[in-house]
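K.L.:
Here you go, one structure.
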Ligand SMILES: C[S@@+](CC[C@H](N)C(=O)[O-])C[C@H]1O[C@@H](n2cnc3c(N)ncnc32)[C@H](O)[C@@H]1O
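Numbering (this note's numbering), first residue to last: 676 to 932.
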């Protein structure tokens, strides 16, 4: 079967599921059963055993990371966008990510950096890194099996990491660990570089900001992104009552000279 092992979203009127098509098997929902062999191409519309209509298609990045099974808490997509811009990341950047975690940010970085850029991703937990690399492969192989990228996973505690051991000049350091300031215990930045951190709590923000200042970083910014979705249904067009308020703060700065 051509679509065997494809990653798909199965969407009904009010619910989305992330699944992998398996030849000869079925997907069971509250609204009936869908036989994977009934899906002939992507995107596709099928009726379940109870007559409910479902649309089957390839997930976007956002759908994939929000629906996937994961280990450590991921960075919410709205914050990923900000981290990329505030981190001044381009398709030929060399980036050091501190805290691979579930690989949600790593995946988006690789989608931007492709084969021109380079990503080093550090984590002290090899299980997280193993799972993250599977997640990355799962998504990338879904949209392009030949997509090339340069990723080196570094399995280390941040306090044991020495930037001088990296061959290339790093353009951006991007962090999602509770104590990113540990980087400065044994490392000194001497070349131009952008720093961007994702931190849930203001006490962490204060500590990091002081350390960035001590290390002569300029243009230090602290911000929070608030995102409000709207309901679009029949002739109703209004903000939703509930919203994701706080996720994390984004702290950025630039070492210039
Ligand atoms: C919240 S997760 C990162 C999630 C990731 N940004 C994502 O979007 O999927 C934090 C990760 O940092 C790692 N970590 C925490 N403190 C660390 C340290 N001091 N040195 C190295 N890794 C650390 C943890 O093992 C965990 O995998």
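Think of the CB as a built atom: it goes at the ideal place given N, C-alpha and C, for glycine as much as any other residue.
Which partner residues of residue 827 appear in the DSSP bridge assignment?
P.N.:
DSSP, once it has assigned bridges, lists 795 as partnering residue 827.
K.L.:
Less than 7 Å between C-beta atoms, sequence neighbours within five positions excluded: which residues of the same chain meet that for residue 774?
P.N.:
The answer, listed in chain order, is 798, 850, 851 and 852.
K.L.:
For residue 769, count neighbouring C-beta atoms within 10 Å of its own C-beta (all shown protein chains included) and say buried if the count is 16 or more, exposed if not.
P.N.:
Label assigned to residue 769: buried.
K.L.:
Which word fits residue 748, buried or exposed, when buried means at least 16 other C-beta atoms lie within 10 angstroms of its C-beta?
P.N.:
It is exposed - the Cβ of residue 748 has fewer than 16 other Cβ atoms within 10 Å.
K.L.:
Residues in its own chain within less than 8 Å of residue 929 by CB, not counting five upstream and five downstream?
P.N.:
These residues qualify, in order along the chain: 763, 867, 868, 869, 870, 892, 893 and 894.
K.L.:
Any heavy atom of ligand 1 inside 7 Å of the beta-carbon of residue 789?
P.N.:
The answer is no for residue 789.
K.L.:
Could you give the distance in angstroms between the alpha-carbon of residue 699 and the alpha-carbon of residue 713?
P.N.:
Their Cα atoms are separated by approximately 10 Å.
K.L.:
For ligand 1, any of its heavy atoms closer than 7 Å to the Cβ of residue 879?
P.N.:
No, ligand 1 has no heavy atom inside 7 Å of this Cβ.
K.L.:
Using 8 Å as the Cβ pair cut-off and three pairs as the minimum, do the region 748-758 and the region 722-729 touch?
P.N.:
Touching, no.
K.L.:
When the Cα atoms are used, what is the spatial distance from residue 865 to residue 932?
P.N.:
About 7 Å.
K.L.:
List the endpoints of the continuous beta strand (DSSP E) containing residue 719.
P.N.:
Note, residue 719: beta strand (DSSP E), 719-722.
K.L.:
May I ask you to report which of helix, strand or coil DSSP gives residue 892?
P.N.:
Coil, per DSSP.
K.L.:
Return the CA-CA distance between residue 858 and residue 784, expressed in angstroms with no decimal places.
P.N.:
Distance between the alpha carbons of residue 858 and residue 784 is about 21 Å.
K.L.:
Under DSSP, the beta strand (DSSP E) around residue 756 begins and ends at which residues?
P.N.:
Not the beta strand (DSSP E): residue 756 falls in the alpha helix (DSSP H), residues 752-761.
K.L.:
Exposed or buried, what is residue 920 when buried is set at 16 or more other beta-carbons lying within 10 Å of its beta-carbon?
P.N.:
Answer is exposed; the Cβ neighbour count stays below 16.
K.L.:
Check whether the Cβ of residue 738 lies closer than 7 Å to any heavy atom of ligand 1, and answer yes or no.
P.N.:
Checking the Cβ of residue 738 against ligand 1 gives no.
K.L.:
I think residue 758 touches residue 794, with their Cβ atoms under 8 Å apart; what is that distance to the nearest whole Å?
P.N.:
Contact doesn't hold; Cβ gap of about 13 Å is too wide.
K.L.:
What does the alpha-carbon distance come out to for the pair residue 823 and residue 841?
P.N.:
Taking the straight line from one Cα to the other gives about 21 Å.
K.L.:
Assuming residue 691 is part of the alpha helix (DSSP H), what are its boundary residues?
P.N.:
Premise fails: residue 691 lies in the beta strand (DSSP E), 691-695, not in any alpha helix (DSSP H).
K.L.:
Would the beta-carbon of residue 803 be found less than 7 Å away from any heavy atom of ligand 1?
P.N.:
Checking every heavy atom of ligand 1 against the Cβ of residue 803, one is found closer than 7 Å.
K.L.:
Given this structure, state the Cα-to-Cα distance separating residue 772 from residue 926, to the nearest angstrom.
P.N.:
Their Cα atoms are separated by approximately 15 Å.
K.L.:
Where does residue 781 land, buried or exposed, given buried means 16+ other C-beta within 10 angstroms?
P.N.:
Buried, because 16 or more other Cβ atoms sit within 10 Å of the Cβ of residue 781.
K.L.:
So, are the CB atoms of residue 819 and residue 791 less than 8 Å apart?
P.N.:
No, Cβ-Cβ distance for residue 819 and residue 791 is not below 8 Å.
K.L.:
Who does residue 702 pair with in a DSSP beta bridge?
P.N.:
Per DSSP, 709.
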